[in-house]
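For reference, the structure is listed below as structure tokens.
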């Protein structure tokens, strides 16, 4: 029996709905396996700005830092688009990642057999890949600002990576590949960017410690094409913050919907941040439409990576698979002849299958 303290960031838009689904699933797991999951809400994002005038209040950050791990829904919304940069809800997410030192973002994309008709690709093959994205460096965290340039006012964002940053994310990728199919695809733009030149050198240097893993270099534009042409060729993809953000969303659509893909943001400790890769989807918030599967699977990743509860994680993943095989679909997975379920109804079916 274990007691686990989980900081919960419900966030904005559909965030509260999908997080509550994941909490209900974890509660069922706790009942079945004799664990206690204590949920402590941390108010972050747009809801925090509305309430406190800041997207990441110190009290909310402290809750995350004192937790065993963090479960997040989504932050942001169109109503915040005109806020100053430092007040935008997304700054809360970046801030939590930075303060917790979560430099590795794991985004798996696996095609459920039940969703083969939902996949937009004609011949997807057996898709089972993992994007390992560097998360607290690169252009998102580099120097940025406004200045006068040749063509008037211009904005600038600097992409920079140091050797240590690249080496540590590369090690995560190689070690995960050793537990999978033994292949790493390093994505860069080394034919144009100095940053990518360093990236490629460092990845190759680290590769010497993992001779049992196959390494290939793929330019980011080619990687995008290959993900659409033959996604099954990829095992582990390792790349920087910007490229990883884009390619992981592309891989999500390769398997049918961004609404089913989880993610884990981790460091060298067991504590991490677990969240679906989709956004806050404000246009469908509060309508019992959102797909809860990505957040539920994120909770399973938390059990596996943060708490070393592999059997419990397996139980959630099997329940999701069984539920989809039974024909349960949310609106984003709409399939002719099958009923469309709401957020709560899909969650109940998954819980019943645990």
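Numbering (this note's numbering), first residue to last: 194 to 547.
Cβ atoms here follow ideal geometry from the backbone N, Cα and C, with glycine treated the same way.
Below 8 Å on the Cβ atoms is my guess for residue i versus residue j; work out the distance and round it to an integer in Å.
| i | j | result |
| --- | --- | --- |
| residue 412 | residue 381 | 7 Å |
Between residue i and residue j, what straight-line distance do the alpha-carbon atoms span, to the nearest angstrom?
| i | j | result |
| --- | --- | --- |
| residue 372 | residue 378 | 15 Å |
| residue 156 | residue 339 | With the chain represented from 194 up to 547, any question about residue 156 goes unanswered, as that position is not in the structure. |
| residue 455 | residue 535 | 19 Å |
| residue 510 | residue 337 | 41 Å |
| residue 402 | residue 396 | 10 Å |
| residue 333 | residue 280 | 16 Å |
| residue 302 | residue 525 | 16 Å |
| residue 385 | residue 310 | 39 Å |
| residue 224 | residue 544 | 11 Å |
| residue 230 | residue 197 | 5 Å |
Here's a check: name, in chain order, each residue in its chain whose Cβ is nearer than 7 Å to the Cβ of residue i, leaving out the five neighbours to either side.
| i | result |
| --- | --- |
| residue 505 | 222, 226 and 496 |
| residue 241 | 247, 248, 249, 250, 253 and 285 |
| residue 474 | 206, 207 and 483 |
| residue 527 | 533 |
| residue 514 | 305 |
Using C-beta distances below 6 Å, list every residue in its chain close to residue i, excluding the 5 sequence neighbours before and after it, in chain order.
| i | result |
| --- | --- |
| residue 235 | 200, 202, 253, 256 and 257 |
| residue 204 | 238, 266, 267 and 268 |
| residue 493 | 506, 509 and 510 |
| residue 425 | 318, 319 and 320 |
| residue 195 | 228 |
| residue 427 | 322 and 378 |
| residue 547 | 221, 508 and 512 |
Short of 8 Å in beta carbon distance, which residues of its chain neighbour residue i, apart from the five on each side in sequence? Order them along the chain.
| i | result |
| --- | --- |
| residue 392 | 354, 359, 379, 381, 383 and 433 |
| residue 464 | 260, 261, 262, 263, 293 and 499 |
| residue 470 | 300, 441, 442, 445, 451, 454, 455, 456 and 487 |
| residue 151 | The structure shown has nothing for residue 151, since the chain only spans 194 to 547. |
Alpha helix (DSSP H) segments (min. 4 residues) lying fully within the segment 196 to 267:
Taken in chain order, the whole alpha helix (DSSP H) runs of length 4 or more contained in the segment 196 to 267 are 208 to 226, 239 to 245 and 251 to 258.
Every unbroken beta strand (DSSP E) within the segment 358 to 437, with a cutoff of 3 residues, ordered by chain
Complete beta strand (DSSP E) runs here, min 3: 376 to 381, 407 to 412 and 429 to 432.
Does the segment 394 to 406 come close enough to the segment 256 to 276 that 3 or more CB-CB pairs lie under 8 Å?
No, because fewer than three Cβ pairs between the segment 256 to 276 and the segment 394 to 406 fall closer than 8 Å, the two stretches do not touch.
Spell out a yes or no on whether the segment 314 to 330 and the segment 357 to 369 are touching, meaning 3 or more CB-CB pairs, one atom from each, closer than 8 Å.
With the rule of 3 Cβ pairs closer than 8 Å, the segment 314 to 330 counts as touching the segment 357 to 369.
Just checking, does the segment 481 to 492 make contact with the segment 208 to 217 on the three C-beta pairs under 8 Å criterion?
Touching, per the Cβ criterion.
Between the segment 446 to 463 and the segment 287 to 301, do three or more beta carbon pairs fall short of 8 Å?
Yes, the segment 446 to 463 is in contact with the segment 287 to 301.
Can you list, in chain order, the stretches of the alpha helix (DSSP H) that have 4 or more residues and sit fully within the segment 445 to 498?
List check, alpha helix (DSSP H) in window: 486 to 498.
Three Cβ pairs or more, each shorter than 8 Å: is that satisfied between the segment 510 to 530 and the segment 268 to 278?
No: the two stretches stay apart, fewer than three of their Cβ pairs being nearer than 8 Å.
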